[in-house]
Amino acid sequence: MVAAMSNSASNSAAVAASSWVTTFLERLPAPAGELEAVQWRGREALSRQPLPTRRQEDWRFTDLAPLTALTPALAPAGEQGSWPEPAAGAVRLWLDAPGDPLAGQSLPAGISLLGADEVQQALGHTLAACNCEQHWPVELNQASAPRVLALRVSAVVAPILELVSQAAGDGVMRPVRVLLLLEEKASLEVLQVQLGSGSSLTSLVIEAHLGRESTLRHGLLALGESPACFLGHLAVEQEPRSLLESVWASHGWALSRFEPRVVQVDGEATTSLKALQLADGQQLADTHSRVEFRGPEGQLDQLHKAIADDRGRSVFNGAVKVPRAAQRTNASQLSRNLLLSNQARIDTKPELEIVADDVRCAHGATVSRLQTDELFYLQSRGLSAAVAAGLLKRGFCEEVLRALPAAAAAWRPLQRLLGEA
Amino acid sequence: MIRPDADTLLEIVDLQARVEDKPILKGVNLTIKAGEIHAVMGRNGSGKSTLSKVLAGHPAYTVTGGSVLYRGANLLDLEPEQRARLGLFLGFQYPVEIPGVSNLEFLRVSTNARRGEKGEEELDTFAFEDLVRERLQVVQMDPAFLERSVNEGFSGGEKKRNEILQMALLDPLVAILDETDSGLDIDALRIVAGGVNHLASPDNATLLITHYQRLLDVITPDYVHVMAGGRILRTGGKELALELEDRGYDWVDQELAVLEVA
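Same order as they appear, the protein sequences are chains A and B.
By my numbering, the letter at position 318 of the first sequence is numbered 318, and the numbering carries on one by one without gaps.
Here my numbering runs 421 ahead of the position in the second sequence, where the first position is 1.
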């Protein structure tokens with residue numbers, strides 16, 4: 001009897017999920033433009049692949065109800081918000097601009113646009129290498145993104161490239177797609193700012209290929225206001241002796257899920273992942289990362305931090321794959337969490353798959369409240385309990401935020417994250 | 422400096438306190454007047470550090486009896502931050518590391534909290550930097566420590582200097598220094614003690630909590646109290662500390678045993 005009931009409940013959930021996808025697809029304009037073929041493929045895939053459910057291991061802790069509550073239709077070109085001036089030394093591209101986001105802009109020296117043929121050849125390559133080209137959030141983006149910002153980086157680029165996109169308003173979807181090809185010894189620092197408000201959906205897919213000895217510093221500041229939702233995907237292929245420094249911070253989304261996937265194709269590369277996610281109210285902040293070493297002597301340094309307050313929920317799943325070919329890998333992963341209310345919830349899970357025998361892989365996870373001794377120390381210097389708690393939260397966040405590209409300071413991330421702005 | 426007509430700053434009467442279910446303080450009596458330097462000595466577990474934490478308001482301790490008057494007002498009614506703003510200072514035995522919180526910012530916020538209580542103007546970033554650079558000299562501290570996170574990665578000696586720097590900025594009326602000498606080499610001890618001596622005045626008082634005579638070689642106490650079993654067992658002048666150094670604590674244990682039988 002019970003089984004029958006749960007069956008019928010999950011059946012109706014399945015029906016709701018498939019009807020959400022159907023409605024979503026119906027509301028999209030006919031495939032067109034430079035990504036027409038990709039859109040066709042994405043829509044075809046989505047129509048066969050309903051929403052992920054919590055019965056899938058990867059989505060076990062991620063309730064998609066905030067997403068299915070939205071009825072998004074592709075957003076028209078946006079209007080600029082009241083954004084801060086770009087920081088000195090940063091070149092801002094507004095990705096939702098009507099027409100060409102590069103119109104009237106000259107790209108910094110060392111960056112050029114990929115031609116249509118090159119885009120066709122390169123787009124999706126890294127997704128496939130990271131084994132996620134059929135991943136649901138990726139297909140959602142492929143089905144809908146009208147264009148891609150595709151850049152070749154051939155030298156050390158001095159200015160910080162700032163990419164800004166905003167999904168504002170109800171029933172709006174903003175798909176953003178970026179492709180970066182870094183040639184040998186090239187270097188680029190990118191700050192991506194994703195803003196979302198109203199019952200909007202932001203879908204972000206970034207692919208980056210890092211040639212030998214190249215460096216990509218990528219910062220993502222994802223600032224939302226519930227009920228807005230965010231699905232982000234970062235796929236990176238690293239050639240030997242390349243360096244990836246990825247930092248992301250998210251706050252305010254009813255649902256945010258960020259999925260960095262990194263493959264060190266022949267090992268010998270360095271990967272650094274730093275993250276901060278805040279969930280309060282009834283928000284759900286989720287990071288599922290995966291780093292795979294396909295050759296020896298790769299390095300990973302990963303720090304994931306989360307604060308859950310009120311009835312917020314934070315999920316972290318950090319997969320690290322070290323197959324036999326990846327001898328002398330040196331990887332460390334740390335998940336640090338602050339649980340600030342009795343009803344908040346933290347799920348954190350390292351997922352280490354180590355076959356090679358000569359490796360160092362350290363991982364750890366802590367979940368704690370604010371430390372009594374730290375609070376008391378500050379109070380004994382005249383700070384009220386509330387101010388002391390605020391200072392400790394700031395301190396907790398700062399460790400990640402200060403790793404963001406310098407241009408992020410103009411957006412006052414700390415104040416926004418702590419609701420002080 | 423003992424002056425019979427000095428104001429009483431702190432008056433502890435029959436103070437009893439426990440942590441969880443364990444009674445630690447079992448009736449402490451101690452009166453401190455302006456201008457005085459007191460030293461409390463005793464073995465580990467005698468209740469010395471508990472006394473300092475109870476006075477500062479640590480939430481882990483519950484007061485179960487007695488009273489503490491601070492300048493005539495009931496200290497135990499006040500939150501820890503109110504006690505600090507009114508001029509009670511606790512120098513920690515183990516100063517807490519707070520990653521991500523700038524030492525300079527922390528010092529500024531705490532200094533302004535105390536200044537506000539005294540009716541003085543809050544200092545902006547620039548005015549505060551001037552003040553803090555001047556006070557750094559009291560403990561011969563490198564200004565580079567201002568830019569770091571509170572106590573993070575500081576050596577034992579640097580942490581203690583940072584404590585005395587805070588004391589210099591907060592200008593307390595009663596400073597309780599909990600084993601400030603522990604973990605210091607002789608040079609650091611001189612610097613820290615020099616800072617304490619520099620800050621002592623006829624208007625304020627200092628309560629030193631220590632195991633060892635060596636701190637009292639550089640800071641001369643007016644009174645020495647010996648603590649055991651959660652009580653002050655005996656009070657004397659600085660010669661009492663020398664006697665302890667000489668005879669050890671065994672006689673204290675014997676006196677305590679007699680007392681507890683009685």
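Using N, Cα and C, we set each Cβ at its ideal position, and we do this for glycine too.
{"Check": "Taking DSSP's pairing of strands, which residues face A460 of chain B in a bridge?", "Outcome": "B:L629 and B:V645"}
{"Check": "C397 of chain A by DSSP, collapsed to three states: which one?", "Outcome": "helix"}
{"Check": "Measure the alpha-carbon distance for E353 of chain A versus K185 of chain A and round it to whole angstroms.", "Outcome": "31 Å"}
{"Check": "Take A385 of chain A and list the residues in its own chain whose beta-carbon comes closer than 8 Å to its own, dropping the five residues that flank it on each side.", "Outcome": "L375 and Q379"}
{"Check": "Among the residues of its own chain, which have a CB less than 6 Å from the CB of T215 of chain A, if the five just before and after it don't count?", "Outcome": "S187 and L243"}
{"Check": "Measuring only between beta-carbons, confirm whether E441 of chain B sits less than 9 Å from chain A.", "Outcome": "no"}
{"Check": "How is S47 of chain A classed by DSSP in three states: helix, strand or coil?", "Outcome": "helix"}
{"Check": "Nearest by alpha-carbon distance to A228 of chain A: which of A:A167, A:E207 and A:Q80 is it?", "Outcome": "A:A167"}
{"Check": "Write down the C-beta distance between Q514 of chain B and D599 of chain B rounded to the nearest angstrom, noting that I regard them as a contact closer than 8 Å.", "Outcome": "4 Å"}
{"Check": "DSSP beta-bridge partners for F316 of chain A?", "Outcome": "A:T287 and A:T348"}
{"Check": "In chain A, which residues lie with their C-beta within 7 Å of the C-beta of L598 of chain B?", "Outcome": "Neighbours of L598 of chain B on chain A: none; closest Cβ ~13 Å, over 7 Å."}
{"Check": "Taking 9 Å as the threshold (beta carbon to beta carbon), is L338 of chain A in contact with chain B?", "Outcome": "no"}
{"Check": "For V190 of chain A and H209 of chain A, which I take to be in contact (beta-carbon distance under 8 Å), what is that distance rounded to the nearest angstrom?", "Outcome": "So it is not a contact: roughly 14 Å between Cβ atoms."}
{"Check": "Does DSSP put F547 of chain B in a helix, in a strand, or in coil?", "Outcome": "helix"}
{"Check": "So, are the CB atoms of V315 of chain A and T62 of chain A less than 9 Å apart?", "Outcome": "yes"}
{"Check": "Taking C-beta pairs closer than 7 Å, name the residues in chain A that S531 of chain B reaches, listed in chain order.", "Outcome": "R381, G382 and L383"}
{"Check": "Can E518 of chain B and E573 of chain B be called in contact, C-beta distance under 9 Å?", "Outcome": "yes"}
{"Check": "Report the rounded CA-to-CA distance for E118 of chain A versus Q142 of chain A, giving the unit in angstroms.", "Outcome": "18 Å"}
{"Check": "Can you name, in chain order, every residue of its own chain whose Cβ lies under 6 Å from the Cβ of K274 of chain A, other than the five neighbours on each side?", "Outcome": "V247, L303, V400 and A403"}
{"Check": "Report back the beta-carbon spacing between I585 of chain B and G487 of chain B to the nearest angstrom; my notes put them in contact at under 8 Å.", "Outcome": "In fact, because the Cβ distance is near 30 Å, the residues do not count as touching under 8 Å."}
{"Check": "For R27 of chain A, which residues of its own chain have a beta-carbon under 8 Å away from its beta-carbon, when the five flanking residues on both sides are left out?", "Outcome": "T71, P72, A73 and L74"}
{"Check": "Take F549 of chain B and list the residues in its own chain whose beta-carbon comes closer than 7 Å to its own, dropping the five residues that flank it on each side.", "Outcome": "R529 and T532"}
{"Check": "Could you check whether M588 of chain B and V461 of chain B sit closer than 9 Å to each other, using their CB atoms as the reference points?", "Outcome": "no"}
{"Check": "Look at E432 of chain B and L509 of chain B and say whether their C-beta atoms are less than 9 Å apart.", "Outcome": "no"}
{"Check": "Would you tell me roughly how many angstroms separate the C-alpha atoms of V645 of chain B and K454 of chain B, rounded to the nearest one?", "Outcome": "14 Å"}
{"Check": "Does the segment 248 to 257 of chain A come close enough to the segment 282 to 299 of chain A that 3 or more CB-CB pairs lie under 8 Å?", "Outcome": "yes"}
{"Check": "Identify, in the order they occur along the chain, each residue of the same chain with its Cβ nearer than 7 Å to the Cβ of E681 of chain B, setting aside the five sequence neighbours on each side.", "Outcome": "G650"}
{"Check": "What does DSSP give as the partner residues of M173 of chain A in its beta bridges?", "Outcome": "A:L74 and A:L201"}
{"Check": "Distance, Cα to Cα, T483 of chain B vs R439 of chain B?", "Outcome": "5 Å"}
{"Check": "Which term fits H251 of chain A, buried or exposed, when burial requires 16 or more other beta carbons within 10 angstroms of its beta carbon?", "Outcome": "buried"}
{"Check": "Near Q192 of chain A, what residues of its chain come up, given a Cβ to Cβ distance below 6 Å and the 5 sequence neighbours on each side ignored?", "Outcome": "L163 and L220"}
{"Check": "Does Q105 of chain A come out as helix, strand or coil in the three-state DSSP assignment?", "Outcome": "coil"}
{"Check": "Just checking, does the segment 314 to 330 of chain A make contact with the segment 348 to 363 of chain A on the three C-beta pairs under 8 Å criterion?", "Outcome": "yes"}
{"Check": "Does D373 of chain A get closer than 9 Å to chain B when you measure Cβ to Cβ?", "Outcome": "yes"}
{"Check": "What runs of the alpha helix (DSSP H), each 4 residues or longer, lie entirely inside the segment 478 to 526 of chain B?", "Outcome": "501 to 506"}
{"Check": "For L300 of chain A, which option in A:Q238, A:A344 and A:A279 has the closest C-alpha, if you only look at C-alpha atoms?", "Outcome": "A:Q238"}
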